[in-house]
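**Q** Handing you a structure now.
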Amino acid sequence: MLPIFRNYPKKYRLVTFSTTMDSVNLSSFNDRRASQASNNINPTETNVPKSFESSSNDREGQLNLAFVNEDDIAPENETYEKLIDVPELGKGSFSFRTLWAFTGPGFLMSIAYLDPGNIESDLQSGVVAGYKLLWVLMTATIMGLLVQRLAIRLGMVTGLHLAEMCYKQYPRTPRIILWIMTEIAIIGSDIQEVIGTALAIYILSDQAVPIWGGVLITVFDTFTFLLLDKYGLRKLEFLFGFLITVMAVTFGYEYIHDPPPQIEVIKGLFVPGCAGCGPEGVLRAVGIVGAVIMPHNLFLHSALVKSRKVNRSDKHSVQQANMYYFIESCIALLVSLIINIFVVCVFAYGLFGKTNQDVQNLCANSTSSSSAGEIEEFFPANNETVDADIYRAGLFLGCKYGDAARYIWAVGILAAGQSSTMTGTYSGQFVMEGFLNLHWARWKRVLLTRTIAISPTLFLAIFADIQQLTGLNDYLNAVMSLQLPFALIPTLTFTSSSKIMGQFVNGMFLIHSRFNKTILTILAVVVVSINLFFVVVTIKDALPPHWAIYTAFGIGGVLYLSLVGYLCLHLIEAFGGRCCASLPYEKMTVYKALGDETEPFASNILQRPINSDN
Numbered sequence: 003m004l005p006i007f008r009n010y011p012k013k014y015r016l017v018t019f020s021t022t023m024d025s026v027n028l029s030s031f032n033d034r035r036a037s038q039a040s041n042n043i044n045p046t047e048t049n050v051p052k053s054f055e056s057s058s059n060d061r062e063g064q065l066n067l068a069f070v071n072e073d074d075i076a077p078e079n080e081t082y083e084k085l086i087d088v089p090e091l092g093k094g095s096f097s098f099r100t101l102w103a104f105t106g107p108g109f110l111m112s113i114a115y116l117d118p119g120n121i122e123s124d125l126q127s128g129v130v131a132g133y134k135l136l137w138v139l140m141t142a143t144i145m146g147l148l149v150q151r152l153a154i155r156l157g158m159v160t161g162l163h164l165a166e167m168c169y170k171q172y173p174r175t176p177r178i179i180l181w182i183m184t185e186i187a188i189i190g191s192d193i194q195e196v197i198g199t200a201l202a203i204y205i206l207s208d209q210a211v212p213i214w215g216g217v218l219i220t221v222f223d224t225f226t227f228l229l230l231d232k233y234g235l236r237k238l239e240f241l242f243g244f245l246i247t248v249m250a251v252t253f254g255y256e257y258i259h260d261p262p263p264q265i266e267v268i269k270g271l272f273v274p275g276c277a278g279c280g281p282e283g284v285l286r287a288v289g290i291v292g293a294v295i296m297p298h299n300l301f302l303h304s305a306l307v308k309s310r311k312v313n314r315s316d317k318h319s320v321q322q323a324n325m326y327y328f329i330e331s332c333i334a335l336l337v338s339l340i341i342n343i344f345v346v347c348v349f350a351y352g353l354f355g356k357t358n359q360d361v362q363n364l365c366a367n368s369t370s371s372s373s374a375g376e377i378e379e380f381f382p383a384n385n386e387t388v389d390a391d392i393y394r395a396g397l398f399l400g401c402k403y404g405d406a407a408r409y410i411w412a413v414g415i416l417a418a419g420q421s422s423t424m425t426g427t428y429s430g431q432f433v434m435e436g437f438l439n440l441h442w443a444r445w446k447r448v449l450l451t452r453t454i455a456i457s458p459t460l461f462l463a464i465f466a467d468i469q470q471l472t473g474l475n476d477y478l479n480a481v482m483s484l485q486l487p488f489a490l491i492p493t494l495t496f497t498s499s500s501k502i503m504g505q506f507v508n509g510m511f512l513i514h515s516r517f518n519k520t521i522l523t524i525l526a527v528v529v530v531s532i533n534l535f536f537v538v539v540t541i542k543d544a545l546p547p548h549w550a551i552y553t554a555f556g557i558g559g560v561l562y563l564s565l566v567g568y569l570c571l572h573l574i575e576a577f578g579g580r581c582c583a584s585l586p587y588e589k590m591t592v593y594k595a596l597g598d599e600t601e602p603f604a605s606n607i608l609q610r611p612i613n614s615d616n
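Be aware that the sequence shown starts at 3, since it is given in the working numbering, and climbs by one per residue.
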């Protein structure tokens, strides 16, 4: 008896391959029949492609038999109850009608670039450095686009989103740690989003609704809006499109109402550098990168692209789908970049170089309805540079342009917070169902993920005052920056593995393969390094210099780097390194008959190690 049947679960399926790989026949066996069948199988008669042979040392030369646990076979679609139809894809020319059918996932993804945390980072960079960091914002958005392209390809080619792929590829212990880290990132992002929404409600209600009340309203609103999903994902996508339009109109109004010098804006976008910015300007630049590229967004986007009905068994259909999704993502991130530029420029023009005393004097001579006590609380009479946040930004706009500008600002923040909270909920349920292999009803998953994410937010809203809440942004960005390697490295690993992606591996053609992988690796190293620098600076400034604190963070740092190193070893293996061949790495090979019966392409046929820890 071959070793695969030492500890097999209750039910297996026997996978039989035809010689042309046109079909895969699945037949179920109970325990005894599976055991008997194993003794009767002649591996030379199964016509299993050579790539399905085991590569482990203790099984060298044997076939990894086509018996797999039924639970390990990835279903064709379990993420969505109903897929959205798209026009027939093929070798035809570009079609705007087809692009429209694929429009939606990219704009939902782009909302993470417009959440209240990003808006606050934008306005702070404008206050600290004027227009000089606009090029950093644009560069970070382009880097984000390249990373999101990997998520598109992973979900489209394999039919599995990032969390599902992590479940299939990593053993239990690192997989659970990855899940915990991702949940921490989602919670950190959710705190920013919900607090931002609650602040907007606080402003629009003239402080009648307390912050904790705004948090509860946001929770119920999220469930209400997500009910639209029952009436079709397309309707929910239109709702997100409407909210993005609200942001564009409101923040665009603030920009156009008193336009900044356009020459300075153009110089800021295309002339790198930040002369005279000082350490605070560098920290703001790093904060922009950390706020823009968010870990949970990779999980979200790789799942959203599964919502269209695409024939993944056809090479050209997958190529066309990847192209349309990428074009849509380019358009969506261009829109998000323009909105972010609006925010940076409004506050670069209004608050750059201004002190608290300057703003207090401005408010004293304005028609703003804000009380003198509130103005003095947030802008004390001193010559320190303004420390801007979302709430102070609203007070300033009200003083300079009148209460209408303040309420318009709040409406934009409300749209940003509400939309990003909903996409955060989506991310949470995709992450949980993927990492834990849950098959619950949608409402149960939403309820559980919202409970996990919202509890810390509600606690903070009840026990912290408004100044403490508005000062959390940097710390939350630091938390999410720490989690970025746990999404970025697996994404790069899976999309660089020919065993997973087949013909769609990063660098499809040999001449470009090494160059493409090198560029992506450099991108990942740069992004992760920038984020870790931001974390170190933030922690150093926030914590008292005590040996116990340094010891605790030292131990945590060693554990953190150990997990990052483990993921990097898998990345080396995906790049073709042989030093990591003995790692417990589960291999998922994809095949399709395209003239060569062993040519990798696309299918959900899974191989797992014999003694894998599931």
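C-beta atoms are modelled at their ideal positions from N, C-alpha and C, and glycine is treated no differently.
None of the values given here were measured: they were computed from a predicted structure.
Quick check: what's the CA-CA separation for residue 458 versus residue 212?
**A** Approximately 17 Å, taken between the alpha carbons.
**Q** Taking 8 Å as the cut-off, does the segment 162-182 touch the segment 300-310 (at least 3 CB pairs, one atom from each stretch)?
**A** Result yes; three or more Cβ-Cβ pairs closer than 8 Å.
**Q** Going by DSSP, name the residue or residues bridged to residue 226.
**A** Bridge partners of residue 226: none, in fact.
**Q** Which residues mark the beginning and the end of the alpha helix (DSSP H) in which residue 419 is found?
**A** Unbroken alpha helix (DSSP H) run through residue 419: 405-437.
**Q** Can you find the residues in the same chain that come closer than 8 Å, C-beta to C-beta, to residue 143, ignoring five residues on each side of it along the sequence?
**A** Closer than 8 Å at Cβ, skipping near neighbours: 115, 294, 335, 338, 339 and 342.
**Q** Okay, do the segment 474-485 and the segment 202-221 touch, 3+ Cβ pairs below 8 Å being the bar?
**A** Not touching, per the Cβ criterion.
**Q** Please tell me whether residue 125 and residue 288 are closer than 9 Å, where the distance is taken between their beta carbons.
**A** Against a cut-off of 9 Å, the Cβ pair of residue 288 and residue 125 comes out as no contact.
**Q** Quick check on residue 205: does DSSP put it in helix, strand or coil?
**A** Helix, per DSSP.
**Q** Between residue 194 and the ligand PLP, is there a pair consisting of the residue's CB and a ligand heavy atom that are separated by less than 8 Å?
**A** Among the ligands in the structure shown, none appear at all, so the ligand PLP cannot be discussed.
**Q** Hey, residue 147 and residue 428: beta-carbon distance below 9 Å or not?
**A** No, they are not a contact pair.
**Q** Return the CA-CA distance between residue 203 and residue 430, expressed in angstroms with no decimal places.
**A** Cα to Cα, the separation comes out at about 24 Å.
**Q** Tell me whether residue 320 sits in a helix, a strand or coil according to DSSP, three-state version.
**A** If DSSP states are grouped into helix, strand and coil, residue 320 belongs with the helices.
**Q** Based on DSSP bridge pairs, tell me the residues matched to residue 86.
**A** For residue 86, which the question treats as bridged, DSSP gives the partners 310.
**Q** Considering only their Cβ atoms, is the gap separating residue 379 from residue 357 smaller than 9 Å?
**A** Taking 9 Å as the Cβ cut-off, residue 357 and residue 379 do not qualify as a contacting pair.
**Q** For residue 316, tell me which candidate among 565, 268 and 158 has the shortest Cα-Cα distance.
**A** Closest option to residue 316, Cα to Cα, is 158.
**Q** State buried or exposed for residue 235, treating a residue as buried only when at least 16 other CB atoms are found within 10 Å of its CB.
**A** Its Cβ being crowded by 16 or more others within 10 Å, residue 235 is buried.
**Q** Based on DSSP bridge pairs, tell me the residues matched to residue 357.
**A** Beta-bridge pairing links residue 357 to 387.
**Q** DSSP three-state call for residue 28: helix, strand or coil?
**A** Residue confidence is low: residue 28 scores 36 on pLDDT, short of 50, so the model does not pin down where it sits. Its coordinate-derived value is still stated next. Here residue 28 sits in strand by DSSP.
**Q** Count the C-beta pairs between the segment 96-112 and the segment 168-182 that are closer than 8 Å, then say yes if the count reaches three, no if not.
**A** Touching, no, given that fewer than three Cβ pairs across the two stretches are closer than 8 Å.
**Q** Using only the alpha-carbon positions, how far apart do residue 499 and residue 576 sit?
**A** Each residue's alpha carbon lies about 5 Å from the other.
**Q** Along the alpha helix (DSSP H) that carries residue 162, what are the first and last residues, could you check?
**A** Careful: residue 162 lies outside any alpha helix (DSSP H) and carries neither H nor E.
**Q** How is residue 140 classed by DSSP in three states: helix, strand or coil?
**A** Correct three-state label for residue 140: helix.
**Q** Taking Cβ to Cβ, would you say residue 533 is nearer than 9 Å to residue 292?
**A** Going by C-beta atoms, residue 533 is nearer than 9 Å to residue 292.
**Q** Look at the alpha carbon of residue 250 and the alpha carbon of residue 264, and state the distance between them as a whole number of angstroms.
**A** Rounded to the nearest angstrom, the two C-alpha atoms are 18 Å apart.
**Q** Using the Cβ count rule (16 or more neighbours within 10 Å means buried), how would you classify residue 492?
**A** Buried, because 16 or more other Cβ atoms sit within 10 Å of the Cβ of residue 492.
**Q** Looking only at C-alpha atoms, which of 307, 207, 119 and 196 sits nearest to residue 86?
**A** Measuring from the Cα of residue 86, the nearest candidate turns out to be 307.
**Q** How is residue 473 classed by DSSP in three states: helix, strand or coil?
**A** Coil.
**Q** Considering only the beta carbon of each residue, do residue 412 and residue 201 sit closer than 9 Å?
**A** In contact: residue 412 and residue 201 (Cβ atoms closer than 9 Å).
**Q** At the level of alpha carbons, what is the spacing between residue 490 and residue 467?
**A** Straight-line Cα distance between these residues: approximately 35 Å.
**Q** Give, in chain order, every unbroken run of the alpha helix (DSSP H) that is at least 4 residues long and sits entirely within the segment 224-307.
**A** As far as the segment 224-307 is concerned, its whole alpha helix (DSSP H) runs of at least 4 residues are 235-259, 264-272, 280-294 and 297-306.
**Q** In this structure, does DSSP put residue 442 in helix, strand or coil?
**A** Coil at residue 442, not helix or strand.
**Q** Please classify residue 90: is it buried, with 16 or more other beta-carbons within 10 angstroms of its beta-carbon, or exposed?
**A** Burial call: exposed.
**Q** Beta-carbon separation of residue 656 and residue 156 under 9 Å?
**A** Not covered by the structure: residue 656. The range shown for the chain is 3 to 616.
**Q** Around the Cβ of residue 83, are there at least 16 other Cβ atoms within 10 angstroms (buried) or fewer (exposed)?
**A** When all chains shown are included, residue 83 counts as exposed.
**Q** Could you tell me the distance, in whole angstroms, from the CA atom of residue 384 to the CA atom of residue 140?
**A** Their backbone Cα atoms lie some 34 Å apart in a straight line.
**Q** Do you know offhand how far residue 53's Cα is from residue 170's?
**A** Low per-residue confidence applies at residue 53: pLDDT is 36, beneath 50, and the placement is therefore not dependable, though the value from the model is reported in the following sentence. Each residue's alpha carbon lies about 18 Å from the other.
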